[in-house]
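Position in the sequence shown (first residue = 1) + 1 = the working numbering.
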Amino acid sequence: MEEQIKSNKSELWNLSVRDLFYKYLRFLPLFILSIAFSLLAAWVYLRYTTRIYGASGTMSIKTDKPAINNDKVEDIISGGNKTQNIQSEIEILKSRPLMERVVNKLHLQFSYTAIGKIKEFNSYKQSPFLLEALNIVDSSRTFSFNIKFIDGNRFRLNNANTFELGQAFENENGVFRLVKKGPAAPGAEYNVKWQPTVLVAGALANSVAVQPKTPGTGILIVSMQTTNASMSADVINNLMVQYDSMTVEQNNFSRDQIIQFVDEQLKILTGELDSIQLILLAYQQKNNIFDVQSQSNFYLDKMTEADKAINEQQLKLAFAETVENYLKDKSNKYNQAVVPSSLGLEDITLNELVSDYNKAQLKRQALLDAKVPLANPAVKQAEGQIEKLRESVLENLKNIKSSYVDVIGTLNKRSSTEQAQLKVLPYKLKEFVEIQRQVATRLALKSLLENKQVEAAIQRAATTSNSKVINLATSSDIPVKPNKRTIQIIAFLIGLGLPALFIFISEVINDKITTRYDIEKITAAPVLGEVGHSYSDNTLVVNKVSRSMVAEQFRIIRSNLQYVLPGIEKPVIIVTSSVSGEGKSFISTNMGGVMALTGKKTIILEFDIRKPKILSGLNIPKRSGISNFLVGKAEDLRELIIPVPGQENLFILPCGPVPPNPSELLLDSKVTDLFTWLRSQFDVIFIDTAPVGMVSDAMTLGKFADCTLYLVRQGHTFKKQIGLIDELYREKKLPKISIIINDVKIKPGYGYYGYGRYGYGYGYGYGQKDGYYEEETPRPGLLERISKKLNPLNWFGKKR
């Protein structure tokens, strides 16, 4: 028997995967309905949810530009000696100021939405009209219009007034008109919304994603997602174009400052030159001086050279003072504009300090463009660095100015010496030479400024962007959200998982015996057999001609008993259970009946003297029995034994009146006399006793029995009560315990109560025409028949 137990355990584990499959397969209709409902929900979601479209373009930013160690201030100001920071450029691409340029370029302040029966659509470039704003009262406020077309040329505004296309209309928001782009369907309804540029730019900037295509390179992928495919592509393409334009403008900013400064100086110098030339002409006419004496040429050249040097030094001093005044001006403390150029101030230390100062200003501005708060430590650190560099530049300018003053003083002394030499010349000639010197000086300075102007203009015209668009973004009709395939797969998995989860939870919270495995995993006590649910009105379902499924199961149990009771001629078998209602009387009656069919004289003892049920189950009236014998009111046992009507070799020893002290009554010595006499008169004795989990009667009678049939009822016995069986089995408190599983209902997916070992009702044509047993299941209802048709287990169960 132990070997059989091990075999059963092995079979249990070998079949667990298959059993799990069949357990869930019996709920196939539920799975089908759940999956169908989930897919329907997915279809509705995909049909009516707002679609999100994506677009992406590729651009390159030059990062391999070498740093130029140029000490010219104009090159430092223009950024010509710095390398490109990719992360900073990414932040600029995602910045709101740059997106504002895109919004203004594409006129995205107006958004157009087509209103459908269920959902709305972004009709960017698809609406049959454009709303033109002739005058907006308050452009910082958001407002909207509802437009519903009456026909191809007329529309109703906000469900009130009717206007024609092209006709101006006025309301509290300003003056507007609708410009026709294409044919409008009558009844078509649109919603037009105006938003300030800063709001639209902020929303679009947040949806822009910029990332390097390959780490460490300057190739960037710029992408975004909106509710309109064309809008995504247009915004990305214009964003890359506007970035290109903005970088060119930034690179030209310092050169424009240089050109503006030179233009202003040329205007001043031209006016002075015209005035001095007029003075020279008037002096010549007044004094009749038309030729300069040759002897004055030498001194004139010397003075001119000295004066030219003085003017150049004065110009440099003026430039130095301009830069110094700019830095001392508090309004320029954190100005995004760079420090004005010093043109001819070719001082290496000054150029380096100005370069560092400009870099610090740009670094602080980059942090502010990235929306870093002013109180952030990084911003404070940048401001401290700017102030420190500003003081260093001012100190350096102070030293430079001092050196220029010294040089000018030396040159003035030299010029004075030359002028002293000219005193010997006639006064008229001296005045004439002085005027000529001033004219020559200003002509030379004008020529210098004109050269600088042309040089700056050429540099500005040659300015190129540091970026290049590689691939323009294109619109696609395939949305990125929602992903149709992903949604359908998720819906399918949900439809599949919810029923499985429901089944699993129901299995987890079920604390009653459902399958044979529930018993075998707790106790090593062998399972002798399984008895299905009987639909018969009679308690005794076993007879000579019975071919029902339940009758065949009792015959199988009878066959299995010979392995439990080998070599015992007249066995005494006790039938018990854990609690009341598990079918002891039913099992005792039919086991007695099936043993009697073999020709053995069998008797059933109604020893459940607390709640006897055997006689009532056989429709036999109550009469004297065991309790009468034990208390001495009946001496002849033959008079107490009742033959079962219609059954040969089957007898009943009834309980008799219920005594007040059943436990003590079973300890009487007459119980031993009772079993001694019964063993001599009968071949098989069945003891129907009270539940061992409730009273001690079965324990008391166990010493007279050769084996124990312990009943477990499907859906009635608690799993924790199997522990009692295991305790009784291990401690051998009852003789040779074997378990019978009672009231097993056919459950597709569990085989026949467990693993389909006996397969009753499945796969072998049982219960059908030409089958092995008679069908006793009542005709199922309509829902049960539909479920049976859908159940695949019934497809495989058809006779082949």
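By construction, the Cβ of each residue, glycine as well, lies at the ideal position given by its N, Cα and C atoms.
Which residue or residues does DSSP assign as beta-bridge partners of residue i?
| i | result |
| --- | --- |
| glutamate 133 | Arg178 |
| methionine 60 | Leu221, Val470 |
| leucine 654 | Leu606 |
| asparagine 743 | Arg714 |
| threonine 411 | Looking at the DSSP assignment, threonine 411 forms no beta bridge with any residue, so it has no partner. |
| lysine 195 | It should be pointed out that residue 195 corresponds to tryptophan in this sequence rather than to lysine. Answer is Phe111, Phe144. |
| leucine 158 | Ile148, Asn162 |
| glutamine 212 | Ile222 |
| alanine 169 | Arg178 |
| serine 578 | Leu712 |
| asparagine 326 | Paired residues: none, contrary to the question. |
Near residue i, which residues of its chain fall below 6 Å by C-beta distance, leaving aside the five closest residues on each side in sequence?
| i | result |
| --- | --- |
| proline 663 | Ile610, Arg611 |
| proline 660 | Ser628, Leu666 |
| isoleucine 260 | Ala457 |
| aspartate 771 | In this prediction, aspartate 771 has a pLDDT of 48, which is less than 50 and means its spatial position is unreliable; nothing more can be read from the coordinates. |
| valine 408 | Gln314 |
Could you check the C-alpha separation between residue i and residue j for me, to the nearest Å?
| i | j | result |
| --- | --- | --- |
| glutamate 388 | lysine 364 | 14 Å |
| valine 685 | methionine 596 | 8 Å |
| leucine 446 | alanine 310 | 11 Å |
| phenylalanine 262 | glutamine 315 | 16 Å |
| lysine 805 | phenylalanine 503 | For the chain, the structure presents residues 2 to 801; residue 805 sits outside this window and is missing. |
| methionine 247 | valine 470 | 14 Å |
| lysine 482 | valine 373 | 32 Å |
| glutamate 325 | leucine 395 | 6 Å |
| glycine 498 | isoleucine 490 | 12 Å |
| glutamine 226 | alanine 204 | 11 Å |
| aspartate 478 | arginine 155 | 31 Å |
| cysteine 1 | leucine 702 | What is shown of the chain runs 2 to 801, which leaves residue 1 out entirely. |
| isoleucine 93 | alanine 202 | 13 Å |
| lysine 571 | tyrosine 564 | 15 Å |
| phenylalanine 150 | arginine 157 | 6 Å |
| proline 30 | proline 500 | 10 Å |
| isoleucine 604 | isoleucine 723 | 29 Å |
| tryptophan 44 | isoleucine 116 | 21 Å |
| glutamine 454 | lysine 268 | 12 Å |
| glutamine 258 | tyrosine 327 | 13 Å |
| lysine 317 | serine 145 | 59 Å |
| alanine 206 | phenylalanine 22 | 53 Å |
Do residue i and residue j have their CB atoms nearer than 8 Å?
| i | j | result |
| --- | --- | --- |
| aspartate 698 | alanine 691 | yes |
| arginine 178 | glycine 167 | yes |
| aspartate 689 | phenylalanine 608 | yes |
| phenylalanine 28 | glycine 496 | no |
| isoleucine 588 | valine 532 | yes |
| alanine 882 | alanine 56 | In the structure displayed, the chain extends from 2 to 801; residue 882 sits before or after that span and is not available. |
| lysine 804 | serine 578 | Because the chain spans 2 through 801 in this model, residue 804 falls outside it and cannot be assessed. |
| phenylalanine 687 | valine 551 | no |
| lysine 305 | arginine 438 | The question names lysine, but residue 305 is threonine in the sequence shown. Yes. Within cutoff. |
| isoleucine 87 | proline 197 | no |
| serine 417 | leucine 354 | no |
| valine 103 | glutamine 243 | yes |
| valine 211 | lysine 95 | yes |
Taking 8 Å as the limit between beta carbons, can you name the residues of its chain near residue i, skipping five residues before and five after?
| i | result |
| --- | --- |
| aspartate 727 | Ile523, Thr524, Ala525, Ala526 |
| glutamine 278 | Val440 |
| asparagine 380 | The sequence shown places valine at residue 380, rather than the asparagine named in the question. Here the set comprises Arg365, Leu368, Leu369, Val373, Pro374. |
| lysine 720 | Asp512, Lys513, Ile514, Asp519, Ile523 |
| glycine 647 | Asn544 |
| valine 199 | Arg97, Glu101 |
| glutamate 173 | Val138 |
| methionine 700 | Val693, Lys734, Leu735 |
Might you give, ordered along the chain, the residues of its own chain that have their beta carbon closer than 7 Å to the beta carbon of residue i, omitting 5 neighbours on each side?
| i | result |
| --- | --- |
| arginine 415 | Ala307 |
| glutamine 130 | Before going further, note that residue 130 is phenylalanine rather than glutamine in the sequence given. Contacts found: Leu166, Leu179, Val180, Lys181, Lys182, Ala185. |
| tyrosine 113 | Ser124, Tyr125, Ser128, Tyr191, Val193 |
| lysine 704 | none |
| serine 625 | Ala635, Leu641, Gly657 |
| leucine 281 | Ile436, Gln437, Val440 |
**Message:** Does the stretch 235-242 come into contact with the stretch 130-148, if we say contact requires no fewer than three beta-carbon pairs (one atom in each stretch) closer than 8 Å?
**Reply:** no
**Asked** Are the stretch 534-545 and the stretch 589-603 in contact at 8 Å, needing three or more beta carbon pairs?
**Response** yes
**Stretch-stretch touch, CB-based, cutoff 8 Å, three pairs: the stretch 731-740 with the stretch 709-716** = yes
**Prompt:** Between the stretch 50-62 and the stretch 213-222, do three or more beta carbon pairs fall short of 8 Å?
**Reply:** yes
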